[in-house]
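Below you'll find the structure, written out as structure tokens, and then a few comments.
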Amino acid sequence: MVVEDIRKRMRAIPGMDILLAQEWAAPWIEKLGREAVKRVFNAELTGLRRQMLAAEGDGAPIPAGDILEHMKEVCLSALARAERPNLRRVINATGVVIHTNLGRSLIAEEALAAMTRTARGYSNLEYDLENGARGQRNTLIEELLCTQTGAEAALVVNNNAGAVLLCLFALASGSEVVVSRGELVEIGGSFRVPDIMTFSGAKLVEVGTTNRTHLEDYARAITENTALLLKVHPSNFRIEGFTTAPEREELAKLAHERGLLFMEDAGSGLLVEGESLGLQGETSVRACLEQGVDVVTFSGDKMLGGPQIGAIVGRRAVVGRLRKHPILRTLRVDKITLAAFEATLRLYSRGDLDNIPTTAMLRLPPETLRKRAEALAEKLRARVSAKVEAIPVEDAVGGGSYPERPLSGWGVSVSGHPAGGAGRLQTLLRGQELPALCGAREDALVLHVRTLQPGDAEALVEALSRLEEGAGKEAAAHGAER
Ligand SMILES: *Cc1c(COP(=O)(O)O)cnc(C)c1O
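Residue numbers for the sequence shown follow this note's numbering, so the first one is 4 and each next one is one higher.
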């Protein structure tokens, strides 16, 4: 296109006033407000001008036809994007149950009801109704947590990282903390035991080697400045082969003989025995305490299946010291979270693990998953021309929890879809109005059924069929051009 043409077309770009006066803009101005609509138009106008200027240089495509028509199209889709919440629901077809990037645990129905109730009305959050005096928000869940873990006392904070921080601040600031080199973990890139240690003013004393640490290593590291022996759940990795680590009982005995505390960051924190979730060889919080740990911290939104919270359970005297520490105020749990946590703990009290989405998904038997995969495959076959097959897959607990033990699951593989291979389909499905995250195996898209929620399977069928139609139209258009 010659420069003169571009100039002409630049002049043809409608001004802001013209755009705002368009009939199609009116309902959006009503809905989003004039200023917000203006911001969207401005961005689109700038984009279009830039596109035209670039075209002058390297020949990037300029929209053909009526510029006002073109602006209507781009502005309407920009307005729809502007209206959409930034935090959106997505479909998790990855089979990773506790997916940190997708919000970890889903909240149980009863917990949702408690959250709504608590958000909508006033509550006795910090009010002792019996005595008509100021109360403590932590007392609302302490008894339930103690019952579920066998602890003498309990406290909750914002998350497990905060729980570890509070413990180190209150129990070990200015003192030494002995940790095995095999447990110096980094979780999700942001939680590193050595960093938290430095921040709290505690001094990290590493013992043993990555794969082997002996009781003797801990014993030799203890000095008059030692405050704590710390055990950390190596949540997201596993060292296999030639390994050894002392038993909890041995560490507890050593700590107590030398007048020290024994603390454990249990990471995910199991409130039931691992077997009831299909996970062998994992120690529950109750068992940790029984084996002599003085204070255990864990997350609320991992295996427990509740809201984001950091729980601290243990001996009364120890938890008492935490309660008095000023940093506690900065790690405070809000009332809506507390309501959800209490409701989730009550489900545990009733042994109702099937009404807690995370534990329910972990417990799904392969046979149920196979039937779901086959039903989804059948629905898909009726709507798309791609090769669709129900296949056994490996799911994962996730959330830095037990990566070494895949869960046997079922999924649906989709290959030969007209819109493209696995990578292309993953991108297209992420871009849908209801975005979906899916797995892949070689060049097949894999939909893991374990983590699908009600309605998700139907939405996936719709999306894949829409993408097939879209691909068909595109092919037809290309054909017509030729
Ligand atoms: C996940 C995890 C944490 C961090 O817990 P958050 O609740 O995400 O703060 C800390 N330690 C271990 C061992 C973990 O697995």
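Cβ coordinates follow ideal geometry from the N, Cα and C atoms, glycine included.
Please determine whether the Cβ atom of residue i lies at a distance below 7 Å from any heavy atom of ligand 1.
i, result
"D337", "no"
"G401", "no"
"G270", "yes"
"K305", "yes"
"A439", "no"
"V167", "yes"
"G277", "no"
"A164", "yes"
"V188", "yes"
"H451", "no"
"S302", "yes"
"V235", "yes"
"G313", "yes"
"F194", "yes"
Could you check the C-alpha separation between residue i and residue j for me, to the nearest Å?
i, j, result
"A425", "T216", "44 Å"
"V210", "M306", "29 Å"
"E381", "I101", "28 Å"
"L35", "R92", "21 Å"
"P1", "L168", "The structure shown does not extend to residue 1, since the chain is modelled only from 4 to 485, so the question has no answer here."
"K11", "M55", "11 Å"
"A478", "T371", "39 Å"
"E537", "E253", "For the chain, the structure presents residues 4 to 485; residue 537 sits outside this window and is missing."
"L467", "L432", "8 Å"
"Q519", "S302", "In the structure as shown, the chain starts at 4 and stops at 485, and residue 519 therefore has no counterpart that could be examined."
"L383", "Q456", "17 Å"
"R324", "A96", "44 Å"
"S314", "E267", "The displayed chain sequence assigns Ala, not Ser, to residue 314. Using only the alpha carbons, I get a separation of about 12 Å."
"D398", "T454", "9 Å"
"R375", "R386", "17 Å"
"G442", "K256", "46 Å"
"L463", "E445", "20 Å"
"L23", "P421", "40 Å"
"T121", "L334", "20 Å"
"E472", "L115", "38 Å"
"R319", "C291", "16 Å"
"W413", "K390", "17 Å"
"A164", "F194", "7 Å"
"A222", "V160", "32 Å"
"T212", "F265", "20 Å"
"N141", "G50", "52 Å"
"V296", "I330", "23 Å"
"H73", "L148", "60 Å"
"G317", "Y125", "31 Å"
"R353", "R427", "46 Å"
"T300", "A166", "6 Å"
"V321", "V196", "21 Å"
Assuming residue i contacts residue j (C-beta within less than 8 Å), just tell me the rounded distance between them.
i, j, result
"G308", "T347", "6 Å"
"R366", "L356", "7 Å"
"L379", "V452", "6 Å"
"L440", "L105", "7 Å"
"I199", "L218", "At roughly 25 Å, the Cβ-Cβ gap does not stay under 8 Å, so I199 and L218 are not in contact."
"A417", "A393", "The amino acid at residue 417 is misidentified as Ala; the sequence shows Val. Incorrect: roughly 11 Å between the Cβ atoms, too far for contact."
"K41", "M19", "7 Å"
"T288", "A258", "The sequence shown places Val at residue 288, not Thr. That pair is no contact at about 18 Å."
"A111", "I339", "With 8 Å as the limit, A111 and I339 do not qualify as a contact, their Cβ atoms being about 14 Å apart."
"R53", "I16", "In fact, because the Cβ distance is near 11 Å, the residues do not count as touching under 8 Å."
"R251", "Q283", "Actually they are not in contact, since the Cβ atoms of R251 and Q283 sit about 18 Å apart, beyond 8 Å."
Examine chain B for any beta-carbon lying closer than 8 Å to the beta-carbon of residue i, and answer yes or no.
i, result
"A111", "Judged by its chain identifiers, the structure shown contains no chain B, having just a single protein chain."
Shorter than 7 Å, the distance from the beta carbon of residue i to the closest heavy atom of ligand 3, or not?
i, result
"F265", "Here the bound small molecules are ligand 1; ligand 3 is not part of this structure."
Exercise. Is the stretch 197-213 close to the stretch 143-160, with three or more CB pairs under 8 Å?
Worked result: no
For this session: Count the C-beta pairs between the stretch 269-281 and the stretch 245-258 that are closer than 8 Å, then say yes if the count reaches three, no if not.
Result: no
Exercise. Are at least three pairs of beta-carbons, each pair with one atom in the stretch 220-239 and one in the stretch 178-188, less than 8 Å apart?
Worked result: yes
Exercise. Looking at C-beta atoms only, is the number of pairs between the stretch 35-55 and the stretch 77-88 that lie closer than 8 Å three or more?
Worked result: Because the criterion of three Cβ pairs below 8 Å is met, the stretch 35-55 and the stretch 77-88 touch.
For this session: Indicate whether the contact test is met: 3 or more Cβ pairs, each with one atom in the stretch 126-142 and one in the stretch 261-277, closer than 8 Å.
Result: At 8 Å Cβ cutoff, the stretches do not touch.
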